[in-house]
Amino acid sequence: MLNSSPQAKRLSDIRVALKRQDLDALIVPRFDAHMAEYVADCDKRLLWATGFSGSAGLALITQDQAILFVDGRYTVQVREQCPEDLFSYRHLHDQPLADWLKTTEQRGLRIGFDPMHIPASWHKDLSDAASQSHNHLIATEDNIIDQLWTDQPPPVADKARPFDAQKSGEHSAIKRKRIAAHLVAQNIDVLVENQPDNIAWLLNIRGNDIAYNPFINSFLTLDRNGAVQWFVDPQKVPQDLTDFELDGVEICAPERFLPAIADHAASDKVLGYDPLFTPVAVQFAAGEAGQIKHGRSAITLTKAIKNATELGGMRDCHRRDGIAWTELGAWLHAEVGPRFEAGNPITELEVAQKIEQLRAQLPGFEQLSFDVISGAGPNGAMCHYKVTEHSNRSLDPQDIYLHDSGGQFTDGTTDSTRTYSFSKTSPEFRENYTAVLRGFLALATLKFPPKTFGHHIDAIARAPLWSIKKDYDHGTGHGVGHNLSVHEQPQRIGRAFNDVELVPGMVLSIEPGYYIAGKYGIRIENLFEIIDLGDGFYGFETLSYMPIETKAVLPERLTQTEREWLNAYHQKCFELLNDRVSARALDYLKRTTRPV
Numbered sequence: 213m214l215n216s217s218p219q220a221k222r223l224s225d226i227r228v229a230l231k232r233q234d235l236d237a238l239i240v241p242r243f244d245a246h247m248a249e250y251v252a253d254c255d256k257r258l259l260w261a262t263g264f265s266g267s268a269g270l271a272l273i274t275q276d277q278a279i280l281f282v283d284g285r286y287t288v289q290v291r292e293q294c295p296e297d298l299f300s301y302r303h304l305h306d307q308p309l310a311d312w313l314k315t316t317e318q319r320g321l322r323i324g325f326d327p328m329h330i331p332a333s334w335h336k337d338l339s340d341a342a343s344q345s346h347n348h349l350i351a352t353e354d355n356i357i358d359q360l361w362t363d364q365p366p367p368v369a370d371k372a373r374p375f376d377a378q379k380s381g382e383h384s385a386i387k388r389k390r391i392a393a394h395l396v397a398q399n400i401d402v403l404v405e406n407q408p409d410n411i412a413w414l415l416n417i418r419g420n421d422i423a424y425n426p427f428i429n430s431f432l433t434l435d436r437n438g439a440v441q442w443f444v445d446p447q448k449v450p451q452d453l454t455d456f457e458l459d460g461v462e463i464c465a466p467e468r469f470l471p472a473i474a475d476h477a478a479s480d481k482v483l484g485y486d487p488l489f490t491p492v493a494v495q496f497a498a499g500e501a502g503q504i505k506h507g508r509s510a511i512t513l514t515k516a517i518k519n520a521t522e523l524g525g526m527r528d529c530h531r532r533d534g535i536a537w538t539e540l541g542a543w544l545h546a547e548v549g550p551r552f553e554a555g556n557p558i559t560e561l562e563v564a565q566k567i568e569q570l571r572a573q574l575p576g577f578e579q580l581s582f583d584v585i586s587g588a589g590p591n592g593a594m595c596h597y598k599v600t601e602h603s604n605r606s607l608d609p610q611d612i613y614l615h616d617s618g619g620q621f622t623d624g625t626t627d628s629t630r631t632y633s634f635s636k637t638s639p640e641f642r643e644n645y646t647a648v649l650r651g652f653l654a655l656a657t658l659k660f661p662p663k664t665f666g667h668h669i670d671a672i673a674r675a676p677l678w679s680i681k682k683d684y685d686h687g688t689g690h691g692v693g694h695n696l697s698v699h700e701q702p703q704r705i706g707r708a709f710n711d712v713e714l715v716p717g718m719v720l721s722i723e724p725g726y727y728i729a730g731k732y733g734i735r736i737e738n739l740f741e742i743i744d745l746g747d748g749f750y751g752f753e754t755l756s757y758m759p760i761e762t763k764a765v766l767p768e769r770l771t772q773t774e775r776e777w778l779n780a781y782h783q784k785c786f787e788l789l790n791d792r793v794s795a796r797a798l799d800y801l802k803r804t805t806r807p808v
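Using my numbering, the letters of the sequence shown correspond one by one to residues 213 to 808.
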């Protein structure tokens, strides 16, 4: 029986369009023109084409197959969203598209792609791979998905808003001068900046172009003298710029971005850009003769180390966020069992709405920092699960419930995860939960020397799980911005090599986990700032303060150091929150912060 789903119709339409353009295949990435993890609704082309809603992936659509490449966070989700009779699945990193291009037996394929949506680094790897099998990548003039997506939403039209030096800790002009000095030191004439959070940080602006991410989609160039061209939709720029810090910034239409790159290249200027986050269209615009220096943006590296104002804001907003978390935990424990017995169970969607309502009562709250991950039972086994009306599951007291959420506040960004159980748990769950907690504690208590990188310490968090022959297929920690992206480059903790040193002032998550498909997920996550311990070593200072549930912990498995850290953490939670929460939440706080 033929598949009559929307995905089948859209794949058919894509294949017809490919034939019209003399193409044999199409690469559909999750990226927008800014290589962003989170994209506006109008840029969700992979979702439209395939039905896959995850934040990382791509599709290769040929005339006879459609392959979805996703990472380990989405191996369960992709099979639920994208039927096997239409799609096959490969691991984004272990079985990448480049490997498929190298090994395919097909020859002479013309594989289309939009050069504004493929990073320069990807293009090189994919082109080299395709040439090995005698196939060819073809840049399309127009985006094929946009041609077919008849009800594509329009871009958000909200205007930019100022984020002044009182909030940011540093005037935009001073930031521009600092970055220009980096360019001089690197012998770069013009920095090409494509990442909206970098532009928001540099210009001290914020916006609403993408849900959960307070910035404007735009492009920017900055020269070694500090002069800036900001390529942004004029509708997004207010007429009155009195409260902005844009003196010395030339505001240009986005259509002038690529021609400006071509003009700089024609003037023999050395262009600097990050090939991981810049579309290959920039490289094409610079031309064969363009002088290009690849490397991380100086803005990315500078923004990662927070100043005193930013760190102070991060500390303050996390302590307020702990109020919402504590109220949520108390509500869950008070209501899950009785409401289930009464036939009116709490649902995943209701919890997602509850945490947003609780945060909305906190000073400075603007919006969530990402879609709430509210996963009961088997839904919690999908690392980046997003509850929908269709998937919405009731909270059964016998189920494990995983909740991962955060907020955007005027003074910072939060992100934490807790795992809840509402009845007696199995020995297997207790063993797994204890191993995850021990991995979390191992990094939380770690002291490490300068010249330490994220991949150096990732195994420390995994070791307790490895000791029972278990693991998780996602990173252990990511950077977090200051009223910017909840997933901030370049600092991270994970298996993959990362050449960015972990230094004081950086903010990262620590979030080991464990997941059993069809059963449950476990994850414990706090945010930390890196501090100088004063003895030649660095350490992690806690930002997130809300109880970590311990009734499923096997206390005999904890070391003395782990137990002491956990007990001290819970004592601090109680001190910070006891006079700021409701009576019910206070009772919950007392129970959950008792010494282990």
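Note that the Cβ used here is the ideal one computed from N, Cα and C, for glycine as well.
F582 and G618 closer than 8 Å at C-beta: yes
Three or more C-beta pairs below 8 Å linking the region 374 to 387 and the region 485 to 505: no
Three-state secondary structure (DSSP) of K763: coil
Same chain, Cβ closer than 6 Å to P676, neighbours up to 5 away in sequence not counted: A647, R650, G651
Helix, strand or coil at R514 according to DSSP, with G and I counted as helix: The amino acid occupying residue 514 in the given sequence is Thr; Arg does not appear at that position. Three-state DSSP puts T514 in a helix.
Alpha carbon of M213 to alpha carbon of A220, nearest angstrom: With a pLDDT of only 44 at M213, under 50, the local geometry of the prediction cannot be trusted, and the value read off the model is given with reservation. So the alpha carbons of these two residues sit roughly 12 Å apart.
Helix, strand or coil at V482 according to DSSP, with G and I counted as helix: strand
Inter-residue CB distance, H476 and V402 (contact presumed, cutoff 8 Å): 5 Å
N-terminal and C-terminal residue of the alpha helix (DSSP H) that N779 is part of: 772 to 789
At least 3 beta-carbon pairs within less than 8 Å: the region 547 to 566 vs the region 596 to 616: yes
Option in P374, I473, I567 with minimal Cα separation from E500: I473
Buried versus exposed, by CB contacts within 10 Å (16 or more), S586: buried
Between the CA atoms of L360 and D224 - distance to the nearest angstrom: Just to set this straight, residue 224 is Ser in the shown sequence, not Asp. Taking the straight line joining both Cα atoms gives about 11 Å.
Residue from V793, L801, V563, F752 with nearest C-alpha to L655: F752
Any 3 or more C-beta pairs closer than 8 Å across the region 252 to 260 and the region 362 to 380: yes
Inter-stretch contact at 8 Å, needing at least 3 Cβ pairs: the region 618 to 634 / the region 680 to 698: yes
CA nearest to the CA of G541, picked from D276, D528, K515, S633: S633
Unbroken stretches of the beta strand (DSSP E), 3 residues or longer, contained in the region 375 to 405: 402 to 405
Given 8 Å, three or more beta-carbon pairs between the region 528 to 544 and the region 789 to 797: yes
Where the alpha helix (DSSP H) through T804 begins and ends: 795 to 804
Paired residues, beta bridge with P491 - DSSP: P331
Under 8 Å between C-beta atoms of H346 and R319: yes
8 Å Cβ cutoff met for L778 and G534: no
Q293 - DSSP class collapsed to helix/strand/coil: helix
Extent of the continuous beta strand (DSSP E) run through R704: 700 to 705
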